[in-house]
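Engineer:
Numbering (the numbering used here), first residue to last: 17 to 402.
1. Is it the case that the Cβ atoms of residue 220 and residue 227 are separated by a distance below 8 Å?
2. CA-CA distance, residue 384 and residue 292?
3. Could you name the residues that DSSP lists as bridge partners for residue 96?
4. What do you get for residue 364, buried or exposed, if any count of 16 or more other CB atoms within 10 angstroms of its CB means buried?
5. Which residue wins for smallest C-alpha separation from residue 13, given the options 386, 333, 375?
6. Using three-state DSSP, classify residue 305 as helix, strand or coil.
7. On a Cα-Cα basis, can you pick out the residue from 258, 341, 95 that is closest to residue 194?
8. Flag this pair as yes or no: are the beta carbons of residue 133 and residue 122 separated by less than 8 Å?
9. Leaving out five residues before and five after residue 20 in sequence, what residues of the same chain have Cβ atoms less than 8 Å from its Cβ?
10. Check this for me: beta carbons of residue 143 and residue 337, under 8 Å apart or not?
11. Among 307, 230, 136, 302, whose alpha-carbon lies nearest the alpha-carbon of residue 329?
12. Give the straight-line distance between the Cα atoms of residue 52 and residue 77, rounded to the nearest whole angstrom.
13. Looking at the secondary structure, which residues open and close the beta strand (DSSP E) in which residue 351 lies?
14. Provide the residue(s) that pair with residue 76 in DSSP beta bridges, ordered along the chain.
15. Helix, strand or coil: how does DSSP classify residue 170 here?
16. Just grab the DSSP bridge partners of residue 133 for me.
17. Could you name the residues of the same chain whose beta carbon sits closer than 6 Å to that of residue 205, not counting the 5 residues immediately before and after it, in chain order?
18. When the Cα atoms are used, what is the spatial distance from residue 323 to residue 149?
19. Among 42, 282, 309, 235, which has the Cα closest to the Cα of residue 178?
20. Rounded to the nearest angstrom, what separates residue 372 and residue 64 at their Cα positions?
21. Identify, in the order they occur along the chain, each residue of the same chain with its Cβ nearer than 8 Å to the Cβ of residue 81, setting aside the five sequence neighbours on each side.
22. Among the candidates 175, 101, 118, whose CA atom is the shortest distance from the CA of residue 110?
23. Could you name the residues of the same chain whose beta carbon sits closer than 8 Å to that of residue 386, not counting the 5 residues immediately before and after it, in chain order?
24. Would you kindly check if the distance between the Cβ of residue 66 and the Cβ of residue 282 is under 8 Å?
25. Quick check on residue 381: does DSSP put it in helix, strand or coil?
26. Go ahead and pull the three-state DSSP assignment for residue 187.
27. Any idea which residues DSSP pairs residue 293 with across the strands?
28. Determine the extent of the alpha helix (DSSP H) in which residue 69 is found, giving its start and end residues.
29. Would you kindly work out how many angstroms separate the C-alpha atoms of residue 93 and residue 172, rounded to a whole number?
30. Just confirm the distance between the C-beta atoms of residue 378 and residue 68, as a whole number of angstroms; I'd bet it's less than 8 Å.
31. Can you tell me where the beta strand (DSSP E) with residue 25 in it begins and where it stops?
32. Residue 357 to residue 57, Cα distance in whole Å?
33. Among 45, 28, 27, which residue has its Cα nearest to the Cα of residue 312?
34. First and last residue of the alpha helix (DSSP H) that includes residue 36?
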């Protein structure tokens, strides 16, 4: 009797890590993803401001999977999942499974049509092209989390935008970090010339203005929306139980409550650690991928899966002006050290040695030698390749 079929849906951070961890245990799996490439989302904002080329932050999943005989990659979108019958309907045909890992990630919540989202490589390219003709007008960034803060800082550093306005619905920035670091971030952004509006909400966005809930109108042809994500899940029968922030409810082992052979992880899963819901960031998904592979290996040997425990290595964000903020354990960091750590961590986790070399050279020229980066040029959308 052959090895049971393990299917992983989604090749983001969590899905790919699950496949790699299984391969290290010499366990085969089928990895499905509707894209042929994996995009390194944390560096999207550097593409959007023209600092990095799009091809430097993607890796070919087909080529990457060829490094292991245990990973079989299939480019296909999953249309429907039948948990009870153990099969998937995909754009490449039906697939049966004995064990299933759902790692389909998240997408931007519905946003105004005139706003630019910042979630995919095509989003970054579209914004980059738009800035070619609108870079010296006002730019509004909606969302004061890490993505919004980092993007606003990068726009200011790149000399893009006559005015840069950062809008945050809460009364503070970077809600995942301590208040003292949020206040420091606010001061640093203001020193870069960025206007930060706290405690405001967007009422409407058109092609030439943003209207706030205060009645204020900001004239701008460029509104970038970084706030709000929602789980991205194909049709699943029976209907899955949803929990925190409409994510899929999971057991401490990351299994679905009613299906011991089905796992969910990453942005998709309402996973908790020590009673607190996880936020769905990349380090969590990577560790969950390792844990799911371990539990699958245990199940194949007839053993009981173990609860997932997250080891928080810290949070980092760069602000601009060679500054950053972060927290490692209980130690808050501010200034150049978290900025350097952010660059180093993202360089390490960026897939592909060639990609790392290109990014390292560019960062060294831009930040180390303070040379002006190559002007942004028009780029074509990459949907036909993804």
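Glycine included, every Cβ here is placed at the ideal spot set by N, Cα and C.
Structural biologist: This is what the structure holds:
1. In contact: residue 220 and residue 227 (Cβ atoms closer than 8 Å).
2. Taking the straight line from one Cα to the other gives about 40 Å.
3. For residue 96, the pairing in a beta bridge is given by DSSP as 105, 251.
4. Exposed, because fewer than 16 other Cβ atoms sit within 10 Å of the Cβ of residue 364.
5. Nothing about residue 13 can be read from this structure; the chain reaches only from 17 to 402.
6. Helix.
7. The closest CA to that of residue 194, considering only 258, 341, 95, is found on 341.
8. A distance of 8 Å or more separates the beta carbons of residue 133 and residue 122.
9. 114, 115, 316.
10. Going by C-beta atoms, residue 143 is not nearer than 8 Å to residue 337.
11. Considering only 307, 230, 136, 302, the residue with the shortest C-alpha distance to residue 329 is 302.
12. Roughly 6 Å between the two C-alpha positions.
13. Where residue 351 is concerned, the enclosing beta strand (DSSP E) stretches over 347-351.
14. Looking at the DSSP assignment, residue 76 forms a beta bridge with 53.
15. In the structure shown, the three-state DSSP call for residue 170 is helix.
16. Note: residue 133 sits in a beta bridge opposite 241.
17. These residues qualify, in order along the chain: 212.
18. If I take the Cα positions, the gap works out to 52 Å.
19. Restricting attention to 42, 282, 309, 235, the CA atom closest to the CA of residue 178 is found in 235.
20. Residue 372 and residue 64 have their C-alpha atoms spaced approximately 18 Å apart.
21. If you ignore the 5 residues before and after residue 81, its C-beta comes within less than 8 Å of the C-beta of 35, 47, 87, 88, 89, all in its own chain and listed in chain order.
22. It is 101.
23. Here the set comprises nothing.
24. No, the Cβ-Cβ distance between residue 282 and residue 66 is not below 8 Å.
25. Taken through DSSP and simplified to helix, strand or coil, residue 381 comes out as helix.
26. If DSSP states are grouped into helix, strand and coil, residue 187 belongs with coil.
27. Paired residue(s): 288.
28. Residue 69 -> no alpha helix (DSSP H), and no H or E assigned at all.
29. Here the C-alpha atom of residue 93 lies approximately 38 Å from the C-alpha atom of residue 172.
30. Their Cβ separation, rounded to whole angstroms, is 6 Å, which keeps residue 378 and residue 68 in contact under 8 Å.
31. If you look at residue 25, you'll find it in the beta strand (DSSP E) that goes 22-25.
32. Looking at the backbone, the Cα of residue 357 and that of residue 57 are separated by about 18 Å.
33. Among 45, 28, 27, the Cα nearest to that of residue 312 is on 45.
34. Start and end: 29-40.
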